[in-house]
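Residue numbers (the numbering used here), protein chains in the order written: chain A, 4 to 147; chain B, 702 to 1089.
By construction, the Cβ of each residue, glycine as well, lies at the ideal position given by its N, Cα and C atoms.
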Amino acid sequence: MSNKKEVDERFKKFGTVSFTSLTKTNDFVTHLEEGKITGTKCRVCGKVFFPPRADCYKCLSSDMEWFNVSGTGKLVTYSKLKFAPVGFEGDVPYSIALLDYGAYKVFGRLAKDVPEEEVTVGMDMKTEVNRLPNGQLNYVFRKA
Amino acid sequence: MGKIAIIGVGQTAFVRNYPGSVRELAFDGFKEALQDAKIKTTDIDASIVCSAPEYDKQRSPAGVLAEYLGLNPQPTFYVESLCSSSSMGLKLAYSLVKSGLHDVVAVVGFQKMSEISSAESQERMGRGADIQWESPFGTMMPAYYAMYARAYMAKYGATSEDLALVRVKAASYGQINEKAVYRKAVTLDMFSKPDDPMSGPVASPLRVGDCCANADGSSCVIVASEEKAKDFCRKPVWIMGLGSATTAVNMAGRDLFTGLSVAQASAEQAYKMAGITPKDIDVAEVHDCFTIAELMAYEALGFARPGEGRDLIRGKETYKEGSIPVNVDGGLLSKGHPIGATGGSQIRTIVLQLRGEAGEMQVKDPEIGLVHNIGGVGLYGNVTILGR
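Right under this line is the structure:
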């Protein structure tokens, strides 16, 4: 028996390199494991957040519920990186991108197998969970 | 309370691998400002030290610099807003003097970026963005600005050549600025030759030539009350307008991708405070960390309508002889971008312009100048309007 208190560090699994281990939104990573990408919605005022937040700045409530990111968003913009920061060298080349779902936006990566010549600003895309070669989890955008 | 003046400015040359320590680097820029203002360290009531701390080994640099610069026992303040730290420092100096708390305040900006590798520096800069939700995707500054460039080009039909023209202009002034880190010419040709380093891809659509030069450097701006300014200074330059704003750190929390909302909001405040309009600006320094940033700045500052910034660069209107000269000191692109020192250096350029002391870079008889200084990817905006 150990007296050590268990620390919930699920968020360490998010992205190629995670810079955060402790957050009240740790369930986000469990949802990724289950194949879902989730945001939060304030149960008091109804404000919708992506990325998810534990606290609502509008009404100061911390009573939040999860919702699934579903359907399609429009590609707002993207960029293909030729160089990467320390820790991401193995991923190059990759593209970071932003999708607009209307009520919220999602920042992530384009899926590796989306041909570059088929990517245009304004196109419809969907968000999918992705397991990285190093076992970490993130999500990527694919043509809808 | 009376007006608030800038009575002295200084900066080091911006260089790669400054051969000295952070305190020695800061001393060089500070000394030039003191000599410019013709004052002594004992004339200074307080100092404001500005930098982005993640590049330094030293924790809490303000206290260390205050001692090295001979500013004990006066109080010192540490101000950080990434790349706009020293513009923020100027605003704090204005507030301290305007409130009557202090009469003469030194704003010291510095950054020594060469102590870490370029990849490490990209990683640290990237952490100026949202480390919880975006950095895990492998973000870096050029890629964020590239996303703005992509959205801007898609909406307005601007081209990579329009962006390259901004760099060509910057380099033409970097060549004649002895303080600039990049002193060579850049031609459009270089961008179209695949084997030329300028054309190398960084983060599409941005190429090597679209990105500013990292550098080591320091800057110093001495701020004084109207009374002190009249005692000390032949040619005070007055702070007419100040604006600053913030927005969501993550891209997902923003609505505008063809311009920086913080620049628009800061400009509006600064123009209102100064009681002028964009047409009144005779010379400007804008935060051209990437070429796209300068085009967006033209529009945020009201020099061009949305989407028409490229007409200014194509028509050479932002050259020294044009209708609104911008970054005629080489800008961040060629003069260099030592994060914490950058705002102070931009302010120095405008002060020298308004005094008619900008040498070969001098614009014809300017009366009002503007500084646009951005922190992070449009996370912090600062616009400062100066007049003589």
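Interface residue (Cβ-Cβ distance to chain A less than 8 Å): B:V710 is not classified as such. Rounded to whole angstroms, the separation of the alpha carbons of B:G1045 and B:N1083 is 12 Å.
The beta carbon of A:K50 sits closer than 8 Å to those of K44, C59, K61, C62, all from its chain and outside the five residues before and after it, given in chain order. The three-state reading of DSSP puts B:K1065 in coil, since its state is none of H, G, I, E or B.
Just measuring C-alpha positions, the residue of B:V909, B:I1040, B:I1075 sitting nearest B:R825 is B:I1040. When the alpha-carbon of B:Y999 is set against those of B:D1030, B:L1033, B:K870, B:A964, the nearest one is in B:A964. Remark: three or more beta-carbon pairs, one from each stretch, lie closer than 8 Å, so the region 730 to 747 of chain B and the region 907 to 923 of chain B are flagged as touching.
In its chain, beyond the 5 residues on either side, S836, T840, M841 have a beta carbon closer than 6 Å to the beta carbon of B:G827. For the 8 Å CB-CB criterion, B:L1055 and B:R1015 do not form a contact. Per the coordinates, the alpha-carbon of A:I40 lies some 17 Å from the alpha-carbon of A:S21. Rounded to the nearest whole angstrom, the C-alpha separation of B:I1069 and B:K704 is 15 Å.
Counting only residues of its own chain and dropping the five nearest sequence neighbours on each side, B:L793 has a CB closer than 7 Å to the CB of I749, F778, V780. Apart from the 5 residues on each side of it in sequence, B:R868 sits with its Cβ closer than 6 Å to the Cβ of V887, G910, T992, L1034 in its chain, given in chain order. Contacts with chain B at 8 Å (Cβ-Cβ) include A:D94. Listed in chain order, the non-local C-beta contacts of B:A714 below 6 Å within the same chain comprise K880, local neighbours out to five positions each way being set aside. Beta-bridge partners of B:C784 (DSSP): B:S782. CA-CA distance, A:F53 to B:G976, rounds to 40 Å. With fewer than 16 other beta carbons inside 10 angstroms of its own, A:R46 counts as exposed.
Contact with chain B is absent for A:I40, since none of that chain's Cβ atoms lies less than 8 Å from the residue's Cβ. Non-local beta-carbon contacts of B:V950 in its own chain, meaning distances under 8 Å to residues more than five positions away in sequence, involve A830, D831, G1077, L1080 in chain order.
According to the DSSP assignment, A:A57 belongs to no alpha helix (DSSP H), since it is labelled neither H nor E. Shown here, B:Y719 sits in coil according to DSSP, grouped into three states, outside any helix or strand. Looking at the DSSP output, A:H34 shares a beta bridge with no other residue.
In the three-state reduction of the DSSP assignment, B:P902 falls in the strand class. According to DSSP, residue pairing for B:V805 in a beta bridge involves B:A925.
Think of a sphere of 7 Å around the beta carbon of B:S836: the chain A residues whose beta carbon falls inside it are F22, in chain order. Contact annotation, B:V984 with B:I1086: C-beta distance approximately 11 Å; criterion of less than 8 Å not satisfied. Under a 10 Å Cβ-count criterion, A:G76 is classified as buried, with 16 or more other Cβ atoms of the shown protein chains found around its own Cβ. For B:Q712, the enclosing beta strand (DSSP E) has its first and last residue at 705 to 712. Contact annotation for A:V51 against chain B: no contact, minimum CB-CB distance about 12 Å [criterion: below 8 Å]. In the three-state reduction of the DSSP assignment, B:K741 falls in the coil class. B:A968 and A:T33 have their alpha carbons spaced roughly 44 Å apart. In chain order, M848, M952, A953, F958 make up the part of chain B whose C-beta sits under 8 Å from the C-beta of A:L101. In terms of CA proximity to B:A807, B:T743 leads the group B:Q759, B:L783, B:T743, B:M848. A Cβ-Cβ distance of about 5 Å is found for the pair B:L766 and B:A727, placing them in contact under the 8 Å criterion.
Against B:I832, the close residues of chain A are F22, T23, in the order they occur along the chain (beta-carbon pairs closer than 7 Å).
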